[in-house]
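Enquirer:
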Amino acid sequence: MALDDKDGSIEEFQELYPIGVHRREGAHTVLSLRVSTEVVKGKINLIDLAALNKNELRVPYRECKLTRMLQDSLGGSSRAVMIACQNPAEYQEGVS
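FYI, the UniProt record's numbering numbers position 38 of the sequence shown as 38, with every residue one higher than the one before it.
#1: Quick one: what's got a C-beta closer than 7 Å to D4's C-beta in the same chain, skipping five residues either side?
#2: Between the C-alpha atoms of L33 and L70, what's the straight-line distance to the nearest angstrom?
#3: If we call anything under 9 Å between Cβ atoms a contact, is L66 one with H28?
#4: In whole angstroms, give me the CA-to-CA distance for K43 and E90.
#5: So, are the CB atoms of V21 and N45 less than 9 Å apart?
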């Protein structure tokens, strides 16, 4: 589900966001917002990585759909920030 880049508005977002939340099925959720004005052009991806591991020994990032979706945001002049909400009992695992 995506808003048309040319005529997306906050009203359309407010209409579509609850539908996306209701349709959420996977282990992670991606909300991509594109901003384009005469002065600024950019994109922000808000990603919920809950349950990405699926109890595997390693997360197969190269084969992950999420990696392909974010390809234009991984490298070049892109910047990334990670905010983590971790269970204190599993903190050491999250650090690594």
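Don't be surprised by glycine CBs; every beta carbon is placed ideally from N, CA and C.
Just so you know, these numbers come straight off a predicted model, no measurement behind them.
Expert: With the structure as the only source:
#1: For the purposes of this step, residue 4 is identified with residue 4 of the sequence shown, where counting begins at 1. Here D4 scores only 45 on pLDDT, less than 50, and its place in the model is too uncertain to base an answer on.
#2: In the sequence shown, the residue the question calls residue 33 occupies position 33. In the sequence shown, the residue the question calls residue 70 occupies position 70. L33 and L70: Cα-Cα distance of roughly 12 Å.
#3: Indexing the sequence shown from 1 puts residue 66 at position 66. Indexing the sequence shown from 1 puts residue 28 at position 28. Yes, they are a contact pair.
#4: Here residue 43 is taken as the residue at index 43 of the sequence shown, counted from 1. Here residue 90 is taken as the residue at index 90 of the sequence shown, counted from 1. K43 and E90 have their C-alpha atoms roughly 32 Å apart.
#5: Translated into positions along the sequence shown, residue 21 becomes position 21. Translated into positions along the sequence shown, residue 45 becomes position 45. Cβ atoms of V21 and N45: not closer than 9 Å.
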